[in-house]
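Asks:
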Amino acid sequence: MIKILVCVKEVVCSGTQPEIDFDNTWVRPSGGHGFRMNMYDEYALEEAVKIKEENPGTVVDILSAGPERAGAILKKGLEKGADSAFRFHVENGGYITPFQKASILSSFAAPRGYSLIFTGVMSEDLMNGQVGPMTAALLNIPFAASVVREALDIRGACIDVESEIEGGMRALYRLKLPALLAIQSGINMPRYPSLSNKLRAKYQKIEIVNDEGTSIAAARERIHSICYPEKISRGIVIEGTRSEKAEKLLQILHEKSFL
Amino acid sequence: MIYDILLIAETFNGRILQSAYELLEFGRQFISTGFHRMALVVPGSGISPEAESIGKNYGIDIIAVENKYLGLMNPEVLQKAVKEVINRFEPLFICFIHSVTGSAVASALAAETGASCITGIESFTDNGGMLSFRRNIFGGRVTVEVSSLEKRCVLTMLPGSYAQCEETGKCIPDSAAVTVIKFDYEPSGLFLNDIISEEAGSFKLDEAEVIISAGRGIGNIEHIGLIERISGIFMKSAVGASRPVCDMGWLPYGRQVGITGKTVSPKLYVACGISGSPQHVAGMKNSGIIVAINTDPGAAIVSLAHYIIIEDLVPFLILLEEKYNESYRDTSFQ
Numbered sequence: 073m074i075k076i077l078v079c080v081k082e083v084v085c086s087g088t089q090p091e092i093d094f095d096n097t098w099v100r101p102s103g104g105h106g107f108r109m110n111m112y113d114e115y116a117l118e119e120a121v122k123i124k125e126e127n128p129g130t131v132v133d134i135l136s137a138g139p140e141r142a143g144a145i146l147k148k149g150l151e152k153g154a155d156s157a158f159r160f161h162v163e164n165g166g167y168i169t170p171f172q173k174a175s176i177l178s179s180f181a182a183p184r185g186y187s188l189i190f191t192g193v194m195s196e197d198l199m200n201g202q203v204g205p206m207t208a209a210l211l212n213i214p215f216a217a218s219v220v221r222e223a224l225d226i227r228g229a230c231i232d233v234e235s236e237i238e239g240g241m242r243a244l245y246r247l248k249l250p251a252l253l254a255i256q257s258g259i260n261m262p263r264y265p266s267l268s269n270k271l272r273a274k275y276q277k278i279e280i281v282n283d284e285g286t287s288i289a290a291a292r293e294r295i296h297s298i299c300y301p302e303k304i305s306r307g308i309v310i311e312g313t314r315s316e317k318a319e320k321l322l323q324i325l326h327e328k329s330f331l
Numbered sequence: 002m003i004y005d006i007l008l009i010a011e012t013f014n015g016r017i018l019q020s021a022y023e024l025l026e027f028g029r030q031f032i033s034t035g036f037h038r039m040a041l042v043v044p045g046s047g048i049s050p051e052a053e054s055i056g057k058n059y060g061i062d063i064i065a066v067e068n069k070y071l072g073l074m075n076p077e078v079l080q081k082a083v084k085e086v087i088n089r090f091e092p093l094f095i096c097f098i099h100s101v102t103g104s105a106v107a108s109a110l111a112a113e114t115g116a117s118c119i120t121g122i123e124s125f126t127d128n129g130g131m132l133s134f135r136r137n138i139f140g141g142r143v144t145v146e147v148s149s150l151e152k153r154c155v156l157t158m159l160p161g162s163y164a165q166c167e168e169t170g171k172c173i174p175d176s177a178a179v180t181v182i183k184f185d186y187e188p189s190g191l192f193l194n195d196i197i198s199e200e201a202g203s204f205k206l207d208e209a210e211v212i213i214s215a216g217r218g219i220g221n222i223e224h225i226g227l228i229e230r231i232s233g234i235f236m237k238s239a240v241g242a243s244r245p246v247c248d249m250g251w252l253p254y255g256r257q258v259g260i261t262g263k264t265v266s267p268k269l270y271v272a273c274g275i276s277g278s279p280q281h282v283a284g285m286k287n288s289g290i291i292v293a294i295n296t297d298p299g300a301a302i303v304s305l306a307h308y309i310i311i312e313d314l315v316p317f318l319i320l321l322e323e324k325y326n327e328s329y330r331d332t333s334f335q
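Residue numbers (the numbering used here), protein chains in the order written: chain L, 73 to 331; chain S, 2 to 335.
(1) Note down, in chain order, all residues in the segment 205-218 of chain L with a beta-carbon under 9 Å from any beta-carbon belonging to chain S.
(2) On the three-state DSSP scale, how would you describe S:Pro44?
(3) S:Asp248: buried (16+ other C-beta within 10 angstroms of its C-beta) or exposed?
(4) Report the neighbours of L:Gln202 on chain S: residues whose CB is nearer than 7 Å to its CB, in chain order.
(5) What residues in the segment 254-288 of chain S have a beta carbon less than 8 Å from any beta carbon of chain L?
(6) Does any C-beta atom of chain L lie closer than 9 Å to the C-beta of S:Lys69?
(7) Given a cut-off of 9 Å, decide if L:Leu198 and L:Leu252 are closer than it, judged by their beta-carbon atoms.
(8) I'd like to confirm the pairing. Which residues does DSSP put opposite L:Val281 in its beta bridges?
(9) Along chain L, which residues have their Cβ under 7 Å away from the Cβ of S:Phe192?
(10) For S:Pro50 and chain L, any beta-carbon pair shorter than 9 Å?
(11) Does S:Gln335 pass the burial test, meaning 16 or more other C-beta atoms within 10 Å, or should it be called exposed?
(12) Using a Cβ-Cβ cut-off of less than 9 Å, give me the residues of the segment 140-153 of chain S that come near chain L, in sequence order.
(13) Taking Cβ-Cβ distances shorter than 7 Å, what residues in chain L pair up with S:Tyr325?
(14) Please report the distance separating the alpha-carbon of L:Ile259 from that of L:Tyr115.
(15) Can a CB atom of chain L be found closer than 9 Å to the CB of S:Ser203?
(16) One question on the structure: do L:Val219 and L:Leu177 come within less than 9 Å of each other, judged by their Cβ atoms?
(17) Alpha carbon to alpha carbon, how far is S:Ile310 from L:Lys317? Give it in angstroms, no decimals.
(18) At least one CB of chain L closer than 9 Å to the CB of S:His224: is that the case?
(19) Does any heavy atom of the ligand HEM sit closer than 8 Å to the C-beta of S:Phe235?
(20) Do L:Ile255 and L:Phe158 come within 9 Å of each other at the CB atom, strictly closer than that value?
(21) Could you tell me if L:Lys81 is buried or exposed, where buried requires 16 or more neighbouring beta carbons within 10 angstroms of its beta carbon?
(22) Could you check whether the Cβ of S:Glu208 sits closer than 9 Å to any Cβ belonging to chain L?
(23) May I have a chain-ordered list of the alpha helix (DSSP H) segments no shorter than 4 residues that lie completely inside the segment 222-247 of chain S?
(24) Fully enclosed by the segment 103-131 of chain L, which beta strand (DSSP E) runs are 3 residues long or longer?
(25) Could you check what DSSP says for L:Glu82 in three-state terms: helix, strand or coil?
(26) Kindly list, in the order they appear in chain S, the residues whose Cβ is closer than 7 Å to that of L:His335.
(27) Determine the direct distance from the alpha carbon of S:Asp297 to that of S:Cys339, and round the result to whole angstroms.
(28) Return the chain-ordered list of same chain residues with a C-beta closer than 8 Å to the C-beta of S:Met39, the five sequence neighbours on each side being excluded.
(29) Compare the C-alpha of L:Ile278 against each of L:Phe107, L:Thr130, L:Asp95 and L:Gly138 and name the closest.
(30) On the CB-based measure, 16 or more other CB atoms within 10 Å of its CB, does L:Asn212 come out buried or exposed?
(31) Which same chain residues end up closer than 8 Å to L:Ile295 when comparing Cβ atoms and leaving out the 5 residues on each side of it in sequence?
(32) Go ahead and pull the three-state DSSP assignment for L:Met206.
(33) Let me check understanding here. Comparing Cα to Cα, which of S:Leu193, S:Ala10, S:Pro279 and S:Val106 lies closest to S:Leu25?
(34) Go ahead and pull the three-state DSSP assignment for S:Gly141.
(35) In terms of alpha-carbon separation, which member of S:Ala293, S:Lys205 and S:Asn14 lies closest to S:Asp313?
(36) Going straight from the alpha carbon of S:His307 to that of L:Phe107, what length do you get?
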């Protein structure tokens, strides 16, 4: 039987300006917008559920480290086909470094015998791309980042993957199981939850995996200042009606010999 | 021998990638902080001669690490190779380029060696002895300065953040010592079988002089034709895309501009409905003239662009095409 762990993170829904909390050197949790699952993690979950469909008996667990509200994305994960959901409780707000996250994920995963661990390639908000490789390093298992295709070979205890590298090239790797894959967007089309899964998820409990006051690993970095990027716009804003703007742009491009 | 900072070059099939020269420029500026014992680490296969010549030309110490699996940058072998180099030379800072392989290996290495890890940095600040590294988050809408709490710190530098270091004989005042390490290591869990190229499309993005790039703001696949027609206005032009547009299948990945796609520097780059996440910007910020067409004046691309048009993308492009047909179409190729 194959056991897969998918690690998911909640991100703020909107693409608008986050509100900075200068006292806490971080952003305010929501700023009036809701939360949803990090897009890359959605792809990671879908890939795990696809493996489960192709290999009956496969178990897909889903884990998030976050405050109580992160239960919502875990429910969503159950609706989309995960078997069990786990939450490492972290007090509201605040910033957890990628290393702290990786420590949480790896200590959860270590005793549970997963053959595969999936993460998103990065989070949409922080774009560190560290949690996956760090978790693999702490578990001492092989990893591949930016995975855009996978083919599992259960009998051979390995997985073949295609990973994006630079310049539009792709690397073809074979990883021995257990292994961690950091999944890139576009690998599949994440599904909408089925009605039966929605009903099942409704009554399913999310297991809290840490006791109150459990300490987490010490941070190795510190955000010591936060600000909105300086608006050093060197650019010229083309003003006028829509039609005038179009004419002005064409004129500029003509003067610069592009037309 | 001990170094304060090691810059980790990337190589491919026995050649040093251009990003190494950006790392050198970062290093050249970094030594002003007082951490001046610096070396360029060049992992690869049959890479030592080219590494040595960079050392001579730039006046920087070289540590070439030879292993046949480093010819195509096997990440497991790269991680172990750099770890070996760290053990020997005890650096305080290790800086990779923020590529897919570079950032993943940097992160794993930091976790493995107890170092701090700051990825995707764009610059550094020396606050009287305390160094902090600037990176952009939330799609470029928030900037943070991060500092290390550990003795050793692993960094990755976002491509395009520093100009390529110019070859000035002694760009970096150092002794140009060369160390070649024959690193004997066989991969045990991760095997690299091959490198393939994503389909390139009917043109070459990196050779185009004008790129009209589509972002999520184009709304749906039906508007790709409009982007193609606008591109057709220009000579030597190509259509590019941001990652979400490729993910949605509106354009093939071969047209993606950014870290996992192509790095381009055309004479003209028109960003149509592209917000300008650091991942995308790293692939196009060195373009000659950047035009941003966006509904959101707060989008990160706006602060980068030379010409900014705040408009609804699709109606604006339709009008632009009409105006072009009225006034320029017959004259442009005379």
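Just so you know, even glycine gets a beta-carbon here, dropped at the ideal spot from N, CA and C.
None of the values given here were measured: they were computed from a predicted structure.
Replies: Once the coordinates are examined:
(1) Pro205, Met206, Thr207, Ala208, Ala209, Leu210, Asn212, Ile213, Pro214, Phe215, Ala216, Ala217 and Ser218
(2) To locate residue 44 of chain S, count along the second sequence from 1; it is residue 43. Strand.
(3) Working through the second sequence from its first residue, we reach residue 248 of chain S at position 247. Buried: at least 16 other Cβ atoms inside 10 Å.
(4) Indexing the first sequence from 1 puts residue 202 of chain L at position 130. Within 7 Å Cβ-Cβ: Ser108, Cys118 and Thr120.
(5) Tyr254, Gly255, Gln257, Ile260, Thr261, Gly262, Lys263, Thr264, Lys268, Leu269, Ser276, Ser278, Pro279 and Gln280
(6) The sequence position of residue 69 of chain S within the second sequence is 68, counting from 1. For S:Lys69, the answer is no, since every Cβ of chain L falls outside 9 Å of its Cβ.
(7) Residue 252 of chain L sits at position 180 when you count from the first residue of the first sequence. Residue 198 of chain L sits at position 126 when you count from the first residue of the first sequence. Not in contact: L:Leu252 and L:Leu198 (Cβ atoms no closer than 9 Å).
(8) On the first sequence, position 209 is the one that residue 281 of chain L refers to. DSSP, once it has assigned bridges, lists no residue as partnering L:Val281.
(9) On the second sequence, position 191 is the one that residue 192 of chain S refers to. Going along chain L in sequence order, the residues near S:Phe192 (Cβ under 7 Å) are Tyr245 and Arg246.
(10) Stepping through the second sequence from its first residue, residue 50 of chain S is reached at position 49. For S:Pro50, the answer is no, since every Cβ of chain L falls outside 9 Å of its Cβ.
(11) To locate residue 335 of chain S, count along the second sequence from 1; it is residue 334. Annotation note: pLDDT 38 at S:Gln335 (below 50); position unreliable, no value reported.
(12) Gly140, Gly141, Arg142, Val143, Thr144, Val145, Glu146, Val147, Ser148, Ser149, Leu150 and Glu151
(13) As a working note, residue 325 of chain S is residue 324 in the second sequence. By Cβ distance, chain L contributes Leu322.
(14) For this step, residue 259 of chain L is matched to residue 187 along the first sequence. For this step, residue 115 of chain L is matched to residue 43 along the first sequence. Computed Cα separation, rounded: 7 Å.
(15) By 1-based counting over the second sequence, the position of residue 203 of chain S is 202. Because S:Ser203 carries a pLDDT of 47, less than 50, the predicted location of this residue cannot be relied on, and no value is offered for it.
(16) Locating residue 219 of chain L in the first sequence gives position 147, counting from the first residue. Locating residue 177 of chain L in the first sequence gives position 105, counting from the first residue. Contact: no.
(17) Translated into the one-based positions of the first sequence, residue 317 of chain L becomes position 245. Translated into the one-based positions of the second sequence, residue 310 of chain S becomes position 309. Approximately 7 Å between the Cα atoms of the pair.
(18) Reading the second sequence from its first residue, position 223 is the one you call residue 224 of chain S. Chain L contact via Cβ: absent.
(19) As far as ligands go, the structure on display features none, and thus does not contain the ligand HEM.
(20) Within the first sequence, residue 158 of chain L is the residue found at index 86, counting from 1. Within the first sequence, residue 255 of chain L is the residue found at index 183, counting from 1. Taking 9 Å as the Cβ cut-off, L:Phe158 and L:Ile255 do not qualify as a contacting pair.
(21) Numbered from its first residue, the first sequence carries residue 81 of chain L at position 9. Counting Cβ neighbours within 10 Å, L:Lys81 comes out buried, since at least 16 surround it.
(22) As a position in the second sequence, residue 208 of chain S is number 207, starting the count at 1. It does not; no Cβ of chain L falls within 9 Å.
(23) 225-233
(24) 107-109
(25) For the purposes of this step, residue 82 of chain L is taken as residue 10 along the first sequence, with counting starting at 1. Of the three classes helix, strand and coil, the one that applies to L:Glu82 here is strand, per DSSP.
(26) Residue 335 of chain L lies beyond the residue range present for chain L, which begins at 73 and ends at 331; the question has no answer from this structure.
(27) An answer regarding residue 339 of chain S cannot be provided, because it is not within the stretch 2 to 335 covered by chain S.
(28) Along the second sequence, read from residue 1 onward, the residue named residue 39 of chain S stands at position 38. Cβ neighbours of S:Met39 beyond the five flanking positions: Tyr4, Asp5, Ile6, Leu7, Leu8, Gly28, Phe31, Ile32, Ile61, Asp62, Ile173 and Asp175.
(29) Counting from 1 along the first sequence, the entry for residue 278 of chain L is found at position 206. When each option's Cα is compared against that of L:Ile278, the closest is L:Gly138.
(30) The residue you call residue 212 of chain L lines up with position 140 of the first sequence. Flag for L:Asn212 reads exposed.
(31) Locating residue 295 of chain L in the first sequence gives position 223, counting from the first residue. Only Thr97, Trp98 and Tyr167 meet the Cβ criterion.
(32) Position 134 of the first sequence holds residue 206 of chain L. Note: L:Met206 maps to helix in three-state DSSP.
(33) By one-based count along the second sequence, residue 25 of chain S stands at place 24. The residue with the shortest Cα to Cα distance from S:Leu25 is S:Ala10.
(34) Here residue 141 of chain S refers to the residue found at position 140 of the second sequence. Correct three-state label for S:Gly141: helix.
(35) On the second sequence, position 312 is the one that residue 313 of chain S refers to. Among S:Ala293, S:Lys205 and S:Asn14, the Cα nearest to that of S:Asp313 is on S:Ala293.
(36) The count along the second sequence starts at 1 and reaches residue 307 of chain S at position 306. The count along the first sequence starts at 1 and reaches residue 107 of chain L at position 35. If I take the Cα positions, the gap works out to 34 Å.
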